[in-house]
Each structure stands twice: as structure tokens, then as C-alpha cells.
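Residue 0 is where the sequence shown starts when you use numbering that gives the first Met the number 0, and the numbers rise one by one after that.
Beta carbons are placed, not taken as given, at the ideal position from N, Cα and C, and that holds for glycine.
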Amino acid sequence: MENKESTQFGEKSVTPEEKTTLVRGVFDSVADNYDIMNDLMSGGLHRIWKDRLVRMIRPRPRTKCLDVAGGTGDIAFRLRKKAGPSADITVFDLNQNMLSVGRDRAIDKGWINDFDWITGDAADLPFPDNHFDLYTIAFGLRNVTRIDTALVEAFRVLKPGGRFYCLEFSHVRQPLLAKAYDLYSFSALPKMGEIVAKDRESYQYLAESIRKFPRQEELARRLGEAGFKNSTFTNFSAGICAVHYGLKS
Ligand SMILES: C[S@@+](CC[C@H](N)C(=O)[O-])C[C@H]1O[C@@H](n2cnc3c(N)ncnc32)[C@H](O)[C@@H]1O
């Protein structure tokens with residue numbers, strides 16, 4: 000269970016309130032470079048992972064979707080493309096700067112009024128019970144201070160029959176690849192952050208936060224504790240990231 004008094008911000012122990020403020024600071028600072036850094040850091044792989052997630056989801060027309068930690072809109076745009084104009088999509092994020100970049104990107108695509116953009120904390124959702132058909136969170140849960148509370152909130156706002164999908168960096172299964180990946184995360188990533196985004200610390204946090212995130216089996220168990228049925232996970236790229244699924248029955 001989560002310790003209510005102290006939590007992790009990367010390798011540092013901080014209070015939950017401090018973590019939320021620090022995470023907001025990280026994304027305030029990376030918002031303008033977020034999309035280009037994503038491509039650079041993952042060699043474009045994040046696009047493949049996100050496409051694969053949305054293929055797994057197969058959103059239908061008129062689906063009522065909540066994309067939490069939706070940032071600059073990558074998942075929302077894919078859901079919109081797949082489900083069509085009748086989909087009802089809310090993009091929700093702690094950070095107003097990330098949402099502003101997302102809204103501008105949507106306008107550039109000609110999607111002026113296709114999304115609701117709402118600011119707030121995943122652990123305290125401003126939506127009624129049994130409201131959404133689909134809850135997605137991509138590369139977001141790792142940053143949330145109170146993961147278990149966020150999972151309970153996800154369960155609450157989903158309708159019976161509603162589906163939960165989390166795409167997140169996870170834990171690599173093959174020891175050799177795990178070593179190489181660690182080296183890349185703790186050396187190359189912060190260096191790239193320093194050179195391209197002039198922000199070494201935020202990218203150091205990224206590497207540390209990945210290491211601290213629960214392993215696949217543990218997160219699946221915590222989904223079950225939040226009330227989800229059939230909780231399963233699928234590894235992408237040998238576990239560099241994983242999709243966790245849960246059903247509100
Ligand atoms: C790495 S970005 C992911 C953005 C987008 N989902 C994507 O896949 O490109 C993580 C996002 O999580 C948001 N975030 C962090 N903590 C959050 C919280 N407690 N509640 C809602 N959003 C949060 C950040 O502001 C940031 O926009």
C-alpha cells in the first residue's frame with residue numbers, strides 16, 4: 000500500500016503534496032519540447048506503442064472517453080481518428096501548459112470543438128460516478144502521487160462494462176536488454192534533456208520514476224484491489240512498456 004506521509008519523486012523521498020508540485024513543475028518545464036523530445040528519446044517508438052494501444056482498445060463511435068494525464072493529446076487524437084466524430088472525448092491533465100499545447104495541436108488538425116480539455120488531479124476526478132465507457136492513461140500513472148486512489152477514481156467514473164487501459168513504462172524482462180536500457184535511461188536520456196530541452200533534471204526524473212514504478216504483476220494486483228475484474232497486462236518491446244487492462248463489471 001502507499002505510504003501516506005512519504006512518497007518517491009524519482010530517487011528522493013518527499014511528501015505527497017511536494018511530489019504533486021514537483022511533477023507539475025517538470026511538465027511546466029517540458030511542455031513546449033514535450034513532443035519533439037518524445038520522438039527523440041524513443042526513436043519514434045512511442046508512436047508505435049500508442050498506435051498499438053488504440054488498436055487494442057478499438058473505440059467505437061459515440062464512445063464516451065476520458066483520457067487522463069492526456070498531456071498534448073496523443074492518445075485523444077488517436078481515439079478521435081479511430082472512433083470518428085461522434086466520440087465524446089475528455090482530455091484531463093494536472094498541467095495547463097501541456098493541455099494548451101494539445102489544444103493548439105487539435106486546432107491545427109481542424110478539430111476545433113472535438114475535445115473537452117479539463118485540468119485536475121487523477122486522484123480526485125471532477126466527474127460523476129458511472130459516467131465514461133473508456134478510461135485511458137498513457138505514460139501518466141507513474142507521475143501520479145496517489146496511484147491507488149487514482150485507480151479507485153478510475154473505477155468510480157467508469158460505467159458498468161467500462162474499460163480501463165494504462166500504457167506505461169514498465170520493467171524489461173531480458174537481463175541483457177535491461178542492462179542496456181538502464182544505461183541508456185540514466186546516461187543518454189538526461190544528456191539529451193540537457194542538450195535539446197536545456198533541462199537535465201526533468202529527464203533524470205523520468206529515468207528514476209520508471210525504475211520506481213510497480214512491476215507488471217504488482218500493478219495488475221492493485222487494479223484488482225481497486226475493483227477491476229479480468230485485470231491483465233501485455234508487454235510491449237520486451238517490457239520497456241506495458242498495457243494494463245481492467246474491466247468494471
Ligand atoms: C509523460 S506525459 C504523458 C502525456 C500523454 N498521455 C502522452 O502519452 O503523450 C505525463 C502527463 O501526466 C500529467 N500528470 C502528472 N501527474 C498527474 C496527475 N496527478 N493527474 C493528472 N495528470 C497528471 C502531466 O502533467 C503530463 O502531462
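Secondary structure of V143 (DSSP, three-state): coil. Looking at A237, S208, I47 and R145, the one whose alpha-carbon comes closest to that of A179 is A237.
Within the same chain, Cβ atoms closer than 7 Å to the Cβ of A82 are found at P58, R59, P60 and T62, the five residues on either side in sequence being excluded.
Annotation: K228 to P189 spans about 38 Å, alpha carbon to alpha carbon. Taking R172 as the centre and dropping the five residues before and after it, the same chain places the C-beta of A237 and G238 closer than 6 Å to its C-beta, in chain order. Contact between W110 and R79 holds: their C-beta atoms lie close to 7 Å from each other, under 8 Å. Going by beta carbons, D128 and R155 fall inside the 8 Å limit. The beta carbon of K247 is closer than 8 Å to those of F154, L157, K158, P159, G160, G161, R162, F163, G226, F227 and K228 in its chain, skipping five residues each way along the sequence.
Residue side-chain check: N112 keeps its Cβ at 7 Å or more from all non-hydrogen atoms of ligand 1. Chain order is used for the residues whose beta-carbon lies nearer than 5 Å to a heavy atom of ligand 1, namely V22, F26, A68, G70, D73, D92, L93, N94, M97, D120, A121, A137, F138, G139, N142 and V143. Nearest to R214 by alpha-carbon distance, out of E207, A149 and S169, is S169.
Runs of the alpha helix (DSSP H) lying entirely within the segment 185–218, each at least 4 residues long, are 188–195 and 199–211 in chain order. Apart from the 5 residues on each side of it in sequence, Q7 sits with its Cβ closer than 7 Å to the Cβ of K211 in its chain, given in chain order.
Only exposed fits K197, as fewer than 16 other CB atoms lie within 10 angstroms of its CB.
Partner residues in the beta bridge of E167, as assigned by DSSP, are A241.
According to DSSP, residue pairing for R162 in a beta bridge involves L133 and L246. From the listed residues Q95, I56 and A68, the smallest Cα separation to R77 is found for I56. Excluding the 5 residues flanking it on each side, S85 has same chain C-beta neighbours closer than 6 Å at P60 and R61, in chain order.
The straight-line gap separating the alpha-carbon atoms of S230 and D132 is approximately 17 Å. Excluding sequence positions up to five before and after R102, its CB lies within less than 6 Å of the CB of W116, all in the same chain and listed in chain order.
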